[in-house]
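Following: one structure in structure tokens, then a few remarks.
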Amino acid sequence: MRKGIDFRDIALLVRLAETGNLTAAARALDLPPAVASRRLAALEHALSLKLAERTSRSTRVTPEGEALANTARQMLKDWDATLGQFHRDEGALTGTVRVSAPHMFGRSVLAPALSAFTSRYPLIRLVFQFSDQPLDLYAEGLDLVVRIAQPSGKEGVVRKLAGNHKVVVASPDYLDARSIPSVPAELRDHDCLVPAGRADWCFEAGGARETITVSGPIEVNDGAFIRDAAVHGAGLALKSWFDVADLVREGALVTVLDGYSAAPDQAIWAILRADRAEAPEVQAFLAFLEEAAGYGSAV
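Just so it is clear: in the sequence shown, position 227 is 228 by the numbering used here, and no numbers are missing.
Have a look at this one:
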């Protein structure tokens, strides 16, 4: 590489071209923004090229910077693949993987399984950004996002992790005190724990679909609250299986209406940055995700 050019500065330019934001690009490389700005200036000086346009609010690549980033992107991908050939020992895998996932998925699926991953890959650093709103891979400097909805396929490399069927659950005490609904229409006679703005519960059986408008004394925008309230006997809840699987296995919750499928059945997906999808540390975390999510989705 030409004298005076740091390989990491090329990676910074590539991230800047992808995010359009120097702070996000710096975050992706564990750099303070001020250091990233100095490194970008050093790269421009070494190449005698203006690579970015700077204003008080943003830093964006120039056409020359875009052209260089496009060429360097494949070079960096090849470099990651080459390094991977020299890290066949799983315990020797290094690097940082930045992940976004919904809060509930993090608590119910990731947290219980993470010790297995960190024991197997002690040198890989995981940085989580939990959000129930979909985050942009490139703008946030992420390597992988988990979505509980069908992705568009335009954001990056898409992988299906597992199914995500929904179940109606209640505590044994609640069902003993009330009754066990045998058909969806009977939910109208029960206290249902209603997610904010989602009182219409849809069910399918034998090719027929019906929608029941449920009600109850509690409406809340917190899925964890609904799950915990159901455990303590407050009513019936419609929950993703991965969120309640362990509680059902332990007997703290019981499923009802098992002959019906709650609709829609949204799968769990992973979306990876195209330029980082084959990085050994990202592939290792993806394999872990598939295993963890698959266990959570199995009845």
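Heads up, the beta-carbon is just placed ideally off N, CA and C, and yes, glycines get one too.
Rounded straight-line distance, which links the Cα of residue j to that of residue i
i	j	result
V184	G252	22 Å
R108	V245	11 Å
A178	P265	30 Å
L14	G96	19 Å
H166	T24	38 Å
A150	P33	34 Å
D276	P218	49 Å
E187	L127	46 Å
V300	S262	Legend: pLDDT at V300 = 38, less than 50; position of this residue unreliable, value from coordinates given subsequently. Cα-Cα distance, rounded: 13 Å.
P281	H191	50 Å
G207	D174	31 Å
A230	V168	16 Å
S38	P152	34 Å
E211	F118	42 Å
A112	E19	30 Å
Buried versus exposed, by CB contacts within 10 Å (16 or more), residue i
i	result
L124	exposed
V232	buried
S298	Low local confidence applies: a pLDDT of 45 at S298 is under 50, so the model's placement there is unreliable, and no value is given.
F8	exposed
L273	buried
Pair within 8 Å by beta-carbon distance, residue i and residue j
i	j	result
G236	L194	yes
G142	R16	yes
G21	R61	yes
A171	V255	yes
I227	R189	no
A47	T63	no
L30	A43	no
V110	F289	no
V1	V257	Here the chain has residues from 2 to 300 only, and residue 1 is not among them.
L138	G157	yes
L94	A285	yes
A197	E220	yes
A293	A114	yes
Minimum Cβ-Cβ distance from residue i to chain C less than 8 Å
i	result
V100	Judged by its chain identifiers, the structure shown contains no chain C, having just a single protein chain.
Checklist line | Contiguous beta strand (DSSP E) assignments of at least 3 residues, all confined to the stretch 133 to 198 | finding: Whole beta strand (DSSP E) segments, 3+ residues: 145 to 148, 158 to 163, 167 to 171, 194 to 196.
Notebook entry, point to check: Is the stretch 158 to 174 close to the stretch 269 to 282, with three or more CB pairs under 8 Å?
Noted result: Touching, yes.
Next item on the list: Assess, as a yes-or-no matter, whether the stretch 131 to 151 is touched by the stretch 98 to 107 under the definition of 3 or more beta carbon pairs within less than 8 Å.
Entry: In the pairwise beta carbon analysis, the stretch 98 to 107 is classified as touching the stretch 131 to 151: at least three pairs are separated by under 8 Å.
Check: Which parts of the stretch 226 to 255 are runs of the alpha helix (DSSP H), unbroken and 4 residues or longer, counting only runs that do not cross its ends?
Finding: Counting only runs of 4 or more, we get 242 to 251.
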